[in-house]
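Count the sequence shown with my numbering and you get residues 15 to 251, in order. Built from N, CA and C at the ideal position, the CB exists for glycine as well. Values in this document were obtained by computation on a predicted structure and should not be read as measured data. All remarks here apply to the structure that follows.
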Amino acid sequence: MLQTRTLAFVTTLVIMAIAAPALAEPEGTVTATGEGRVEVAPDIAWLGFGVSARQATVAEARDEVARGVARLIALARDAGLKNEHIATAALSVSPEFDWHPETRQRRLLGYVVSRQVTLKLTELAKLGELTEQALGLGVTEASPAVFDTSRRTALEAEALAAAARDARAKAEVMAEALGVGVGAPVRIVTGGAAESPRPMLRMAMAESDAMSGAETYQPGLIRIAANVTVRFALTGP
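What follows is the structure, given as structure tokens:
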């Protein structure tokens with residue numbers, strides 16, 4: 015008797031385990047994933063510059079870097095950037111050695127001191143001129159500009175709405191092929207944050223011979239994307 019009850023209990027668990035996946039996807043629904051994209055001209059550019067120096071002592075290298083950073087900050091202010099749009103990182107100090115195979119010893123040659131400066135530019139017409147002038151001040155490192163838009167929040171909402179419409183359109187195509195209709199959404203899952211701003215700084219190579227260095231900086235468009243997965247109820251034919 016006990017064995018019979020045990021067998022029945024185990025059989026019930028097996029049936030429930032088999033039925034569980036079917037219960038996870040309700041009948042009478044259809045799921046579709048939609049994508050939405052918005053492209054817009056940027057109105058913000060993040061510029062990253064680095065100033066480094068190699069000297070026999072930390073103090074000498076630090077002073078040289080400080081002078082370079084001061085010139086860069088002065089240039090930014092002359093270009094109309096506010097103090098809150100200028101950020102400087104902490105100093106980085108690294109000793110520099112060489113190796114003597116005969117003595118198998120290292121010898122200290124000096125120190126490399128560097129510092130990063132980040133600028134937020136809201137007048138993109140000044141992008142090329144500011145970059146070229148910064149390079150002329152002895153900047154030792156320049157990162158590609160990263161573009162963004164001040165309308166990001168609104169455009170993210172626009173891309174998300176487009177993704178939702180795309181999801182419904184795809185669901186309606188599938189439903190029509192099956193001879194049914196699409197009803198209200200019963201589950202909505204967004205696919206995460208929109209795309210990060212892409213660095214799209216490029217040079218107009220075809221006209222570069224006739225243009226100054228500052229004029230060859232042409233920002234493209236930035237793309238903001240969103241995706242959403244929606245489960246819709248199906249209606250009768």
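Throw me the rounded Cβ distance for the Leu149 and Leu141 pair, which I believe falls under 8 Å. Locating residue 149 in the sequence shown gives position 135, where the first residue counts as 1. Locating residue 141 in the sequence shown gives position 127, where the first residue counts as 1. So it is not a contact: roughly 13 Å between Cβ atoms.
Check whether the Cβ atoms of Arg182 and Gly62 lie closer than 9 Å to each other. One-based indexing of the sequence shown puts residue 182 at position 168. One-based indexing of the sequence shown puts residue 62 at position 48. Not in contact: Arg182 and Gly62 (Cβ atoms no closer than 9 Å).
In three-state DSSP terms, what is Val194? Here residue 194 refers to the residue found at position 180 when the sequence shown is read from its first residue. Of the three classes helix, strand and coil, the one that applies to Val194 here is coil, per DSSP.
Would you kindly work out how many angstroms separate the C-alpha atoms of Arg81 and Gly234, rounded to a whole number? Start at 1 with the first residue of the sequence shown, and residue 81 comes out as number 67. Start at 1 with the first residue of the sequence shown, and residue 234 comes out as number 220. Spanning the two alpha carbons is a distance of roughly 34 Å.
Identify which residue in Thr132, Val65, Ala191 has its Cα closest to the Cα of Thr102. Mapped onto the sequence shown, residue 102 falls at position 88. The shortest Cα separation from Thr102 among Thr132, Val65, Ala191 belongs to Thr132.
Can you give me the start and stop residues for the alpha helix (DSSP H) that Gly142 sits inside? The residue you call residue 142 lines up with position 128 of the sequence shown. Where Gly142 is concerned, the enclosing alpha helix (DSSP H) stretches over 141-149.
Counted within 10 angstroms of its Cβ, other Cβ atoms place Ala220 as buried (16 or more) or exposed: Residue numbering aside, residue 220 sits at position 206 when the sequence shown is read from its first letter. With a pLDDT of 37 at Ala220, under the threshold of 50, the predicted position of this residue should be treated as unreliable, and no value is reported.
Coil, strand or helix - Lys184 by DSSP: Taking the sequence shown and counting its residues from 1, one reaches residue 184 at position 170. In this structure, Lys184 counts as helix in the three-state DSSP scheme.
With C-beta atoms as the reference, is Arg165 less than 9 Å away from Pro199? Looking up residue 165 in the sequence shown gives position 151. Looking up residue 199 in the sequence shown gives position 185. No, Cβ-Cβ distance for Arg165 and Pro199 is not below 9 Å.
3 or more residues per run - each beta strand (DSSP E) lying fully within the region 75-130: 100-102, 106-114
Could you tell me whether the Cβ atoms of Asp162 and Ala67 are closer together than 9 Å? The sequence position of residue 162 within the sequence shown is 148, counting from 1. The sequence position of residue 67 within the sequence shown is 53, counting from 1. No; because the gap between Cβ atoms is not below 9 Å, this pair is not in contact.
When burial is assigned at 16 or more other CB atoms within 10 Å of the CB, is Ala218 buried or exposed? As a working mapping, residue 218 is identified with position 204 in the sequence shown. Because the pLDDT of Ala218 is 36, which lies under 50, any placement of that residue in the model is unreliable, and the number read from its coordinates should be weighed accordingly. Ala218 should be labelled exposed.
Can you list, in chain order, the residues of its chain whose CB lies under 8 Å from that of Val187, leaving out five sequence neighbours each side? The residue you call residue 187 lines up with position 173 of the sequence shown. Nothing listed; no residue qualifies.
C-alpha gap between Ala189 and Ala178, whole angstroms: In the sequence shown, residue 189 corresponds to position 175, counting from 1. In the sequence shown, residue 178 corresponds to position 164, counting from 1. Going by the C-alpha atoms only, they are around 16 Å apart.
Measuring straight from C-alpha to C-alpha, what distance separates Gln130 and Gly64? Taking the sequence shown and counting its residues from 1, one reaches residue 130 at position 116. Taking the sequence shown and counting its residues from 1, one reaches residue 64 at position 50. Each residue's Cα considered, the two are about 4 Å apart.
Counterpart residues of Ala240 in DSSP-defined beta bridges: For this step, residue 240 is matched to residue 226 along the sequence shown. Paired residue(s): Gly50.
Using DSSP's beta-bridge definition, name the partner residues of Thr249. For the purposes of this step, residue 249 is taken as the residue at position 235 of the sequence shown. Answer is Gly195, bridged to Thr249.
Assign Gln119 to buried or exposed, taking buried as 16 or more other Cβ atoms, counted over all protein chains shown, within 10 Å of its Cβ. Here residue 119 is taken as the residue at index 105 of the sequence shown, counted from 1. Classification of Gln119: exposed, given that the 10 Å Cβ count is below 16.
Val160 - containing beta strand (DSSP E), residue span: For the purposes of this step, residue 160 is taken as the residue at position 146 of the sequence shown. Per DSSP, Val160 belongs to the beta strand (DSSP E) from 160-162.
Do Leu89 and Leu138 have their CB atoms nearer than 9 Å? For the purposes of this step, residue 89 is identified with residue 75 of the sequence shown, where counting begins at 1. For the purposes of this step, residue 138 is identified with residue 124 of the sequence shown, where counting begins at 1. Remark: C-beta atoms of Leu89 and Leu138 do not approach each other more closely than 9 Å.
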